[in-house]
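Participant: Handing you a structure now.
Residue numbers (the working numbering): 2 to 144.
Shown next, in the form of structure tokens:
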């Protein structure tokens with residue numbers, strides 16, 4: 002039992018290293034998280050959307066489109082992993098990409114019916130508002 006526990010730990014560690022160091026694994030991992038609720042909690046920490054800045058807006062938009070098929074908690078967890086400010090500081094952040102990101106964020110507001118009673122919905126909406134604020138502040142009032 003100790004050997005299998007240790008090998009499971011090493012296998013999990015190797016998997017984490019592989020996923021974190023291969024940006025092309027971002028989208029397959031995201032799909033698995035969004036479609037396999039039972040694994041979402043353990044796999045969400047491995048999701049690193051900022052690894053592939055060249056694909057950042059496409060991955061963000063994919064999350065928004067996929068939210069209709071997943072629980073709000075999973076949507077919040079995944080969306081909270083996007084570091085909008087870091088992306089905005091890269092050469093991949095163009096005016097056109099920023100417009101696409103703003104459109105994706107606005108689409109996110111329409112995914113779930115607003116419920117002021119549910120803290121998960123509030124966190125989800127707060128995350129979208131924060132992302133929108135970062136984009137608008139950066140584009141309208143650059144430092």
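A virtual CB, placed ideally from N, CA and C, is assigned to each residue, including glycine.
Nearest to residue 112 by alpha carbon, out of 62, 48, 101 and 138?
Facilitator: Closest option to residue 112, Cα to Cα, is 62.
Participant: Which residue wins for smallest C-alpha separation from residue 135, given the options 106, 125, 38 and 48?
Facilitator: Nearest of 106, 125, 38 and 48 to residue 135, Cα basis: 106.
Participant: Go to residue 46, then tell me how far its alpha helix (DSSP H) extends in each direction, as first and last residue.
Facilitator: Neither: residue 46 is in no alpha helix (DSSP H) and is coded neither H nor E.
Participant: Alpha carbons only, please: which of 26, 35, 139 and 31 is nearest the one belonging to residue 90?
Facilitator: Of 26, 35, 139 and 31, the residue nearest in Cα terms is 139.
Participant: So, residue 1 versus residue 50, is the Cβ gap smaller than 9 angstroms?
Facilitator: Given a span of 2 to 144 for the chain in the structure shown, any question on residue 1 remains unanswerable.
Participant: Thinking residue 102 and residue 64 are a contact (beta carbons under 8 angstroms), I'd like their distance in whole angstroms, please.
Facilitator: Actually they do not touch by this definition, with Cβ atoms about 11 angstroms apart.
Participant: Could you check if residue 11 is buried or exposed, using at least 16 other CB atoms within 10 Å of its CB as the buried criterion?
Facilitator: Caution is warranted here: a pLDDT of 40 is assigned to residue 11, below 50, making its placement in the model unreliable, and no coordinate value can be reported.
Participant: Might you give, ordered along the chain, the residues of its own chain that have their beta carbon closer than 6 angstroms to the beta carbon of residue 84, omitting 5 neighbours on each side?
Facilitator: Cβ within range, chain order: 51.
Participant: I'd like the span of the alpha helix (DSSP H) that includes residue 80, first residue to last.
Facilitator: Here the alpha helix (DSSP H) through residue 80 covers 73-80.
Participant: Quick one: Cα of residue 88 to Cα of residue 98, how far?
Facilitator: Taking the straight line from one Cα to the other gives about 10 angstroms.
Participant: In three-state DSSP terms, what is residue 105?
Facilitator: Helix at residue 105.
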